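J.:
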Ligand SMILES: Nc1ncnc2c1ncn2[C@@H]1O[C@H](COP(=O)(O)OP(=O)(O)OP(=O)(O)O)[C@@H](O)[C@H]1O
Ligand SMILES: [Mg+2]
């Protein structure tokens with residue numbers, strides 16, 4: 041079962057990473073971009089969030105090859121889950137960015153920073169801190185969603201469990217064990233990000249208020 | 217032209233509208249090196265808009281602005297902004313950086329200054345505003361007056377030719393206003409060129425070289441404080457100054 045758990049971890053990690061890589065520029069453009077781009081992005085988010093993940097995965101894995109685009113099952117799963125997560129992560133970052141006062145952006149510009157420099161040096165470091173708690177939540181959701189990669193034949197935790205059941209015929213203990221592993225992994229994510237949050241903590245940035 | 221007479225800021229026929237709200241209707245003024253001018257005027261008159269037009273945080277519609285003889289345009293704006301300090305009413309401090317970090321960040325990220333040099337210069341500027349002890353504190357740990365002094369140190373560190381102040385003490389509790397005004401007064405003494413929007417009449421009276429009274433998008437009257445207080449050209453100026461003095465006191469300095 042360890043092998044399956046590792047695949048689940050890898051799926052989760054790469055999907056989140058892809059989601060993050062897409063989400064930050066999306067959030068940036070959605071706030072600072074030209075109107076056409078902003079409109080396009082809200083349509084993207086709406087569409088991605090309205091389609092069931094399984095349908096996205098099937099579309100990529102079974103549909104795309106008909107257009108000549110082939111992905112191995114693992115990559116297709118990461119792509120599908122990552123794209124879906126990007127639509128949620130971008131919302132998280134958009135909120136975090138907007139919660140930082142406009143006067144800080146003005147102050148950064150008034151020092152002669154370009155808007156990109158202001159974003160990178162001033163806005164991003166603060167929004168990342170604000171985004172950690174909702175990101176912990178999103179990570180747990182992505183972790184659970186990776187079980188859908190089962191349907192593409194990726195041998196992750198759930199499918200691995202299925203294989204074990206097909207030789208042992210003991211679904212109850214095996215599925216309970218699978219559930220237990222998911223639980224442990226989710227808790228690990230939460231505890232780790234919680235530690236991270238504490239370590240990055242700066243007085244006055246979003247985090248204290250939550251504790252009260 | 218002697219050094220003192222050098223024009224640092226020249227604003228010519230500035231216009232700005234927001235939709236059909238015409239806020240600036242042709243404003244011209246100039247500031248020589250080392251001069252300190254105070255802008256006063258009722259709320260909504262366009263004082264902030266004027267300052268924001270200078271460094272194009274809000275780009276003007278029409279008119280020209282020159283810094284030290286060079287026109288400020290959207291092309292050279294990032295370079296120009298390095299030379300124009302801006303002090304905000306609500307401080308605009310970067311909350312994830314310490315006081316020192318706030319002063320340093322423009323030096324390292326914009327001026328690409330060496331880390332140690334930036335550190336030394338930033339510390340020097342904090343000392344100048346009396347905050348070396350608070351260097352490692354975050355904005356949330358500072359009082360309003362301390363925050364604004366960090367804001368001033370941050371502007372100073374860039375070695376600007378001019379500093380714009382937009383109501384630097386309006387967000388402060390009364391007992392904290394003095395420490396900020398003192399820092400500004402010292403800057404004026406040291407010869408910093410400053411354009412200050414404020415209602416602090418004490419500061420205007422004793423520190424400024426000229427008071428500019430704005431209303432409804434125009435400059436109604438400008439001149440040395442003595443002249444405006446004692447012998448204004450227009451009745452409107454007299455009324456407004458009287459009201460301000462009633463509201464904010466004489467500023468017995
Ligand atoms: N970004 C903006 N969009 C639309 N209208 C604006 C904007 N900024 C300012 N205005 C309007 O322009 C007018 C002048 O505003 P401004 O802030 O320059 O006045 P002010 O003289 O600084 O007033 P106060 O003393 O209240 O600070 C106001 O009517 C204001 O509502
Ligand atoms: Mg104003």
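Protein chains in written order, with the numbering used here: chain A, 41 to 252; chain B, 217 to 469.
We put the beta carbon where it would ideally sit given N, CA and C, even for glycine.
Since the model is a prediction, treat every value here as computed from it, not as a measurement.
Taking residue 222(B) and residue 248(B) to be in contact with their CB atoms under 8 Å, please state how far apart those CB atoms are, rounded to whole angstroms.
T.: 6 Å between Cβ atoms; contact.
J.: Leaving aside the five residues before and after residue 389(B) along the sequence, list all residues of the same chain whose C-beta is less than 7 Å from its C-beta, in chain order.
T.: Around residue 389(B): 360.
J.: Helix, strand or coil for residue 469(B), going by three-state DSSP, please let me know.
T.: Summary for residue 469(B): the model assigns pLDDT 47, below 50, so the residue's position carries little reliability; its value from the coordinates is reported in the next sentence. It is coil, neither helix nor strand.
J.: Could you check which residue in 416(B), 312(B), 267(B), 282(B) has the C-alpha nearest to that of residue 301(B)?
T.: Of the listed residues, the one whose Cα sits closest to residue 301(B) is 267(B).
J.: Can you tell me where the beta strand (DSSP E) holding residue 308(B) begins and where it ends?
T.: Unbroken run through residue 308(B): none, as it is neither H nor E.
J.: With 9 Å as the threshold, decide whether the Cβ of residue 224(B) is near any Cβ in chain A.
T.: No, its Cβ sits nowhere closer than 9 Å to a Cβ of chain A.
J.: Measure the C-alpha to C-alpha separation of residue 374(B) and residue 298(B) and round it to an integer number of angstroms.
T.: If I take the Cα positions, the gap works out to 6 Å.
J.: Using CA atoms only, rank isn't needed, just tell me which of 233(B), 327(B), 404(B) is closest to residue 261(B).
T.: Of the listed residues, the one whose Cα sits closest to residue 261(B) is 233(B).
J.: Distance check for residue 146(A) and residue 75(A), CA to CA, integer angstroms please.
T.: Answer to the nearest angstrom: the Cα atoms are 21 Å apart.
J.: At a Cβ cut of 9 Å, what residues of the stretch 279-302 of chain B count as close to chain A, listed as they run along the chain?
T.: Listed in sequence order: 293, 294, 295, 296, 297, 298, 299, 300, 301, 302.
J.: Can you tell me whether residue 264(B) sits near ligand 2, meaning its C-beta is under 8 Å from at least one heavy atom of the ligand?
T.: Answer for residue 264(B): yes, Cβ within range of ligand 2.
J.: Residue 55(A) and residue 125(A) - do their beta-carbons sit closer together than 9 Å?
T.: Their beta carbons are under 9 Å apart, which means residue 125(A) touches residue 55(A) by this criterion.
J.: In three-state DSSP terms, what is residue 262(B)?
T.: Residue 262(B): coil per DSSP, three-state reduction.
J.: List, in order along the chain, the chain A residues whose C-beta lies closer than 8 Å to that of residue 457(B)?
T.: Near residue 457(B) there are no residues of chain A at all, since even the closest Cβ is about 30 Å away, more than 8 Å.
J.: At a Cβ cut of 7 Å, what residues of the stretch 304-319 of chain B count as close to chain A, listed as they run along the chain?
T.: Going along the stretch 304-319 of chain B in chain order, one finds 304, 306, 308, 310, 311, 312 with a Cβ nearer than 7 Å to chain A.
J.: Measure the Cβ-Cβ separation of residue 369(B) and residue 396(B) and say whether it is below 9 Å.
T.: Contact flag unset, no.
J.: Between the beta-carbon of residue 58(A) and the beta-carbon of residue 97(A), is there less than 9 Å?
T.: Their beta carbons are not under 9 Å apart, which means residue 58(A) does not touch residue 97(A) by this criterion.
J.: How about the stretch 438-449 of chain B and the stretch 327-340 of chain B: do they share at least three Cβ pairs that are nearer than 8 Å?
T.: The stretch 438-449 of chain B is not in contact with the stretch 327-340 of chain B.
J.: Check whether the Cβ of residue 274(B) sits closer than 8 Å to any heavy atom of ligand 4, and report yes or no.
T.: Judged by which ligands are present, ligand 4 is missing from the structure shown, whose ligands are ligand 1 and ligand 2.
J.: How would you call residue 222(A), buried or exposed, if buried means at least 16 neighbouring beta carbons within 10 angstroms?
T.: By the 10 Å Cβ count, residue 222(A) comes out buried.
J.: Just how far apart, CA to CA, sit residue 134(A) and residue 67(A)?
T.: C-alpha separation (whole angstroms): 5 Å.
J.: Name the residues in the stretch 117-147 of chain A whose C-beta lies less than 7 Å from a C-beta of chain B; which are they?
T.: Hits within the stretch, in order: 143, 144, 146, 147.
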